[in-house]
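In this text, residue positions in the sequence shown follow UniProt numbering: the first is 1, and each later residue adds one.
Beta carbons are placed, not taken as given, at the ideal position from N, Cα and C, and that holds for glycine.
Computed from a prediction, not measured in an experiment: that's the story for all the values here.
In what follows, a structure is listed as structure tokens, so that the remarks can point back to it.
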Amino acid sequence: MPAAKPSARMPAASRTCRGVEKYRPQTLDDLISHQDILSTIQRFISEDKLPHLLFYGPPGTGKTSTILACAKQLYKDKEFNSMVLELNASDDRGIDIVRGPILSFASTRTIFKRGFKLVILDEADAMTQDAQNALRRGKSTNMAYGKVTEDTVYTCTGHPLKADIANILDWMLNKDFTTAYKNIMELKTLKGLALHDILTEVHVYVHRVDFPPSVRMHLLIKMADIEYRLASGTSEKIQLSALIAAFQVTRDMIAAEA
1 MPAAKPSARM PAASRTCRGV EKYRPQTLDD LISHQDILST IQRFISEDKL PHLLFYGPPG
61 TGKTSTILAC AKQLYKDKEF NSMVLELNAS DDRGIDIVRG PILSFASTRT IFKRGFKLVI
121 LDEADAMTQD AQNALRRGKS TNMAYGKVTE DTVYTCTGHP LKADIANILD WMLNKDFTTA
181 YKNIMELKTL KGLALHDILT EVHVYVHRVD FPPSVRMHLL IKMADIEYRL ASGTSEKIQL
241 SALIAAFQVT RDMIAAEA
């Protein structure tokens with residue numbers, strides 16, 4: 001009499017597992033390899049600065065196991081699929097794989113974890129020449145350009161940095177006229193700043209500083225006059241002197257109202 005079949009069957013993937021996958025090391029500590037190599041990789045991971053790595057050697061020496069152990073040490077189970085892209089030797093190795101899946105994966109943000117993603121290219125030497133060149137271009141771009149910060153944006157657009165405006169305000173409010181004029185002129189010359197841009201940024205700070213209403217009105221009127229004269233083509237040096245003088249008068253008005 002035939003045996004009864006179970007009511008529910010387990011998925012084939014969970015019933016069978018290759019021994020090489022079942023016993024693959026899960027962390028770098030489980031690996032038996034050259035200690036100098038493992039300690040170097042471990043230091044990269046601890047500093048969260050994993051560079052581009054090229055593992056080479058005969059088959060069976062632990063190249064794939066090492067990088068997978070790195071990936072499992074870097075990312076939790078729920079983060080793994082969204083942060084790691086593994087391309088095996090059987091996958092397409094043309095330039096389209098670099099332009100498509102790799103670039104889209106690397107440029108997509110995830111909700112689980114911030115930081116770098118990991119792309120694992122098994123048998124990378126099997127990639128076509130065009131695909132390898134496309135990968136090199138991507139790596140070269142990453143090395144050539146730093147992060148886009150707020151200061152970088154201000155510098156590229158020619159606007160004064162927030163730190164520079166803070167220094168300018170400090171000089172105009174706390175230094176004597178000669179010192180303030182000298183410092184601002186040196187800053188303008190060093191960074192190629194236009195007085196109109198300085199005036200625009202100072203205007204924002206005037207509304208943020210807790211000035212008495214009468215003092216703020218005085219400053220805004222004087223700054224409007226200076227902006228009008230700059231638009232009329234007058235000398236920036238004369239209008240800078242007028243701006244510093246307006247803040248010097250403001251300082252005296254604040255002292256008188258205190």
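A contact is defined here as three or more CB-CB pairs under 8 Å, and the region 164 to 174 fails this definition with respect to the region 125 to 140.
Shown here for Arg24: same chain residues with a beta carbon closer than 6 Å to its own, the five before and five after excluded, namely Ser65 in chain order. Residue pairing by DSSP places Glu86 opposite Ile120 in a beta bridge. When DSSP assignments are scanned along the region 27 to 82, the uninterrupted stretches of alpha helix (DSSP H) that are 4 or more residues long and fall wholly within it turn out to be 35 to 46 and 63 to 74. The C-alpha of Thr152 lies about 26 Å from the C-alpha of Lys182. For Leu169, the enclosing alpha helix (DSSP H) starts and ends at Lys162 to Asn174. A Cβ-Cβ distance of about 17 Å is found for the pair Thr110 and Lys72, leaving them out of contact under the 8 Å criterion. Take the alpha-carbon of Leu85 and the one of Asp36: they are about 27 Å apart.
The continuous stretches of alpha helix (DSSP H) do not include Asp125, and DSSP gives it neither H nor E. Non-local beta-carbon contacts of His159 in its own chain, meaning distances under 6 Å to residues more than five positions away in sequence, involve Asp197 in chain order. Distance check between Pro101 and each of Ile120, Gly115 and Arg114 places Ile120 closest, using alpha-carbon atoms only.
In the displayed model, Ile111 falls within coil according to three-state DSSP, outside both helix and strand. Residue environment for Phe247: buried (at least 16 other C-beta atoms within 10 angstroms of its C-beta). Taking 8 Å as the cut-off, the Cβ atoms of Ala69 and Leu118 do not count as close. With 16 or more other Cβ atoms from the protein chains shown falling within 10 Å of its own Cβ, Ala131 counts as buried.
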